[in-house]
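Heads up, the thing below is written out as structure tokens.
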Amino acid sequence: MLHLIKYNLLVKVKNFATTFWPLIFPLLLGTMFYFAFGNIDDADFETVQVGIVKEEEPDTLFLMFLDQMENNGNHLIAAQELSGTAALAKLENEEISGIYYVGKAPSLTVAANGIPQSILQSVLTSYETGKSTIRQIVRTHPSGLWKGIQKMLNQQEPIIQVSLGGHTINGTVQFFYALIAMTCLYGCFIGFGSAITLQANITALAARRCVTPTHKLKLILSEQIASFLLGYFDVIVLLVYLRYILKLDFQGKIGPMLLISFFGSLIGVSIGIFVGSLGKMKEGVKIGIILGISMICSFLSGLMNNTMKDIVEKNAPFINRINPAALISDAFYCINVYDDLGRYYRNLITLAVMSVVLVAASFLLIRRESYDSI
Amino acid sequence: MSTNIVQIENLVKRYGSLVALDHLNLNISEGEVFGLLGPNGSGKTTAINCMLSLLKYDKGVIRIFGEEMRPDNYQVKQQIGIVLQNVAVFDELTVYENIDYFCGLYVSDKRKRKELVEEAITFTDLNDYRKMRPKKLSGGLLRRLNIACGIAHKPRLIIMDEPTVAVDPQSRNKILEGIQKLNEQGSTIIYTSHYMEEVEQICTRIAIMDHGHVITSGTKEELKKMIKTGETITIEAVPLSPENLADIRTLPHVFDLHYEEQVLTVRCTGARHNLIRLLNYLQSQDIPFGQVSSELPTLNDVFLEITGKQLRD
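Residue numbers (the numbering used here), protein chains in the order written: chain A, 4 to 377; chain B, 91 to 403.
See the structure below:
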């Protein structure tokens, strides 16, 4: 058996078509995803430029507030003190997004609508709300005034995003999980090649193998194992690339991720062997079928649209229970987002059962050792 | 007394309405180089594929080594080597790796396998090419690799289906010599071909097939004795009138003649002095002539007389 596995593996590794595309295509796609939206959550807005025009009796508290906003490390706004004319000229030239007129009651002048203008309005509103609060404190609890001012100046984000499992909350990783699932399913091309070389009515090479005293099941299993090893290797390379080179937000343990990839590769290869073993269809038709299966499954698991899996879950949840790509990406979610080990193992068991069924069916299809015509 | 190691009785194989094998009967004894000769489409390869249980058949019995041949008769398969018409090797593996792989399907002992692979490489004279991949080999070397993969495990019965198709004469001779050597080493060979010269050269017994059944069989001498033709005389560049042709037709032992574009072909029964008599006639009539040749009957003549068509039709 080892002899067969060794040579089957060697044949596949030396075959450009079975080595290159299942390995390189996912890496290229992963790189593309990375540049397209890998860092979308880190994207920062440009600091909003604002002019300050002091009027008579300026509200010094507002000036302090702006100073604090400018220097708190968020770089939300950058304020510059200007004369009224200079400020208007700069606003006209779009060098600044707005002008704070700081008098007894601060006001904002903008020349357009947009995010920078909204931010400036928010800052002003926030100040006015805070000022009103402080007045309230002075009236009711004057002793807590300083504490209130400090609180107001050290404003924090009102909402902090957290993962239920304490892991990643990056929504774009869904694309990468679907990509890993697709790579697992790409093992079907390797498995398909194996099935073709086992049918005497298709190739002379298969005919030569079929007339030997080696049992057909042994031939199939050796091909399955070799195909799986190669497919699994491809997935591991992708996983390592995404996690350690692109440094994507995969915070789960590597062990469970390798386990998902293991069963994912197994199902991919099994699908290929099964389709390759089907009846008298032409090779091109069979290739079309496995290409269709891998792409449709990947699409439904969210490869092209990260909401697709949810849409399927709402409308036809059964598909998510049997779609290998959805099961694989869901298993990744279970360890990286939900921390739901029960669901994780349920996905793995489903993949394993499906693989066993497909391999058994392939054996039943191929074991027939005499053909009507060759 | 020799034992029949292959027995085929009333084998019928149909592809729809086409009868590929029509009650084929064959008996092949141990130690023979048995030739299956026939034109393309006569059923040779179909017969081989049925023998190997690759093809289902409609009727008949095939016994090899006394046992009925079935797809799962691994004991019988263990003793058979196969060299298919199409080269069946892995393009991705080297010469050595290919032979080792196929030998490994029969022999699991690693040390023994290594010896056998080395022997097969030496036997097929592929030592200088052992690290080369098939795509870099010439047609002849590729055929030799195809043979090495089929014989490395030293089978008792070797089935070779047109192993010299598209091979240069030098490589063909090497292959034929190799087959004779394998036979001397104890293997029984079944050799199919539509090249009558090859079959004549190496086969100890021959069956001529046409339309899916054996039309005659025997040693080459026996086959040639079955037909009328004893000698075929060809004379080129000879101008003959209808009267001359009528005269030649009446010469003793002449039973058939053909005259076209000044080339005269005369077929005589197996008697002596046919050529001298013919040349004497031409001299007596003062008829000039060019190149003269005389040939003993070939298997093609046998086929021609029995079926009325050429083997290579």
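Quick reminder that beta carbons are idealized off the backbone N, C-alpha and C, glycines included.
Query, Result
"Please report the straight-line C-alpha distance between B/Gly128 and B/Glu157, rounded to a whole angstrom.", "27 Å"
"For A/Tyr10, which of helix, strand or coil comes out of DSSP?", "helix"
"Could you tell me which chain B residues have their CB closer than 7 Å to the CB of A/Asn1, listed as they occur along the chain?", "Outside the shown range of chain A (4 to 377) lies residue 1 of chain A, about which nothing can therefore be said."
"Contact criterion: CB-CB distance below 8 Å. Does A/Asp378 meet it with respect to chain B?", "Nothing about residue 378 of chain A can be reported from this structure: the residues present for chain A run from 4 to 377 only."
"Can you give the Cα-Cα distance for A/Gly190 and A/Lys289, rounded to whole angstroms?", "15 Å"
"Should A/Gln139 be labelled buried (16 or more other beta-carbon atoms within 10 Å of its own) or exposed?", "exposed"
"Is there contact between the segment 30 to 41 of chain A and the segment 49 to 67 of chain A, where contact requires at least three CB pairs shorter than 8 Å?", "no"
"Do you know whose CA, among A/Ile276, A/Ala90 and A/His218, lies nearest A/Ala229's CA?", "A/Ile276"
"Beta carbon of B/Phe345, beta carbon of B/Thr359: below 8 Å?", "yes"
"How big is the Cα-Cα spacing for B/Ile396 and B/Asp300?", "10 Å"
"Which residue from B/Ala256, B/Ile248 and B/Val257 puts its Cα closest to that of B/Glu274?", "B/Ile248"
"My output table needs one value for A/Ser225: the three-state DSSP class, helix, strand or coil.", "helix"
"Using beta-carbon positions only, say whether B/Arg367 and B/Pro332 come within less than 8 Å of one another.", "no"
"Residues in its own chain within less than 6 Å of B/Ile154 by CB, not counting five upstream and five downstream?", "Val96 and Val166"
"Round the Cβ separation of B/Gly347 and B/Thr355 to the nearest angstrom and send it over; I've been treating them as touching at under 8 Å.", "The question names Gly, but residue 347 of chain B is Leu in the sequence shown. Contact holds; Cβ gap of about 7 Å."
"State the start and end residues of the unbroken alpha helix (DSSP H) segment that holds B/Lys149.", "Unbroken run through B/Lys149 is the beta strand (DSSP E), Lys149 to Ile154; no alpha helix (DSSP H)."
"When you compare only the Cα positions, how much space is there between A/Cys300 and B/Gly171?", "45 Å"
"Sorry if obvious, but does the Cβ on A/Thr215 come closer than 7 Å to a heavy atom of the ligand FMN?", "This structure lacks the ligand FMN; in fact it carries no ligand of any kind."
"How would you call A/Val165, buried or exposed, if buried means at least 16 neighbouring beta carbons within 10 angstroms?", "The predicted position of A/Val165 is uncertain, since its pLDDT is 49 and thus under 50; a value taken from the coordinates is nonetheless stated next. The residue is exposed, with fewer than 16 neighbouring Cβ atoms inside 10 Å."
"Going along the chain, which residues of its own chain have a beta-carbon closer than 7 Å to the beta-carbon of A/Leu12, five neighbours each way excluded?", "Ala229, Leu232 and Leu233"
"Near A/Ile162, what residues of its chain come up, given a Cβ to Cβ distance below 6 Å and the 5 sequence neighbours on each side ignored?", "Summary for A/Ile162: the model assigns pLDDT 46, below 50, so the residue's position carries little reliability; its value from the coordinates is reported in the next sentence. Within the same chain, A/Ile162 has no close Cβ partners at all."
"Residues in the segment 201 to 216 of chain A with C-beta within 9 Å of chain B's C-beta atoms, listed in sequence order?", "Ala203, Asn204, Thr206, Ala207, Leu208, Ala209, Ala210, Arg211, Arg212, Cys213, Val214, Thr215 and Pro216"
"Which of the three DSSP states is assigned to B/Val102 in this structure?", "strand"
"In the DSSP assignment, what residue or residues form a beta bridge with A/Ile55?", "A/Glu84 and A/Tyr103"
"By Cβ distance, which residues of its chain are closer than 6 Å to B/Val392, with the 5 residues on each side in sequence left out?", "Leu313 and Ile317"
"Is the beta carbon of A/Leu241 sitting closer than 8 Å to the one on A/Leu30?", "yes"
"Give me the chain C residues within the contact set of B/Lys167, using Cβ-Cβ distance strictly less than 8 Å, ordered along the chain.", "No chain C appears in the structure shown, which is made up of the protein chains A and B."
"Taking the alpha carbon of A/Ser99 as the reference point, which residue from A/Ile27, A/Gly117, A/Ala108 and A/Lys107 has its own alpha carbon closest?", "In the sequence under discussion, the amino acid at residue 99 of chain A is Ile, which differs from the Ser named in the question. Among A/Ile27, A/Gly117, A/Ala108 and A/Lys107, the Cα nearest to that of A/Ile99 belongs to A/Gly117."
"Taking the alpha-carbon of B/Gly142 as reference, which of B/Gly125, B/Gln169 and B/His243 has the nearest alpha-carbon?", "One detail in the question is off: residue 142 of chain B reads as Leu in this sequence, not Gly. Per the Cα distances, B/Gln169."
"Nearest by alpha-carbon distance to A/Val362: which of A/Ile292, A/Val272 and A/Ser376 is it?", "A/Val272"
"So, with DSSP's three-state summary, where would you put B/Thr306?", "strand"
"Within 8 Å (strictly less), CB to CB, does A/Asp237 reach chain B?", "no"
"Along chain A, in chain order, which residues have C-beta atoms closer than 7 Å to that of B/Lys314?", "Simply none; closest approach about 34 Å."
"Figure out for me which residue from B/Ile338, B/Gln352 and B/Thr388 has the closest Cα to the Cα of B/Leu372.", "B/Ile338"
"Hey, is the segment 323 to 339 of chain A in contact with the segment 179 to 195 of chain A, meaning 3+ C-beta pairs nearer than 8 Å?", "yes"
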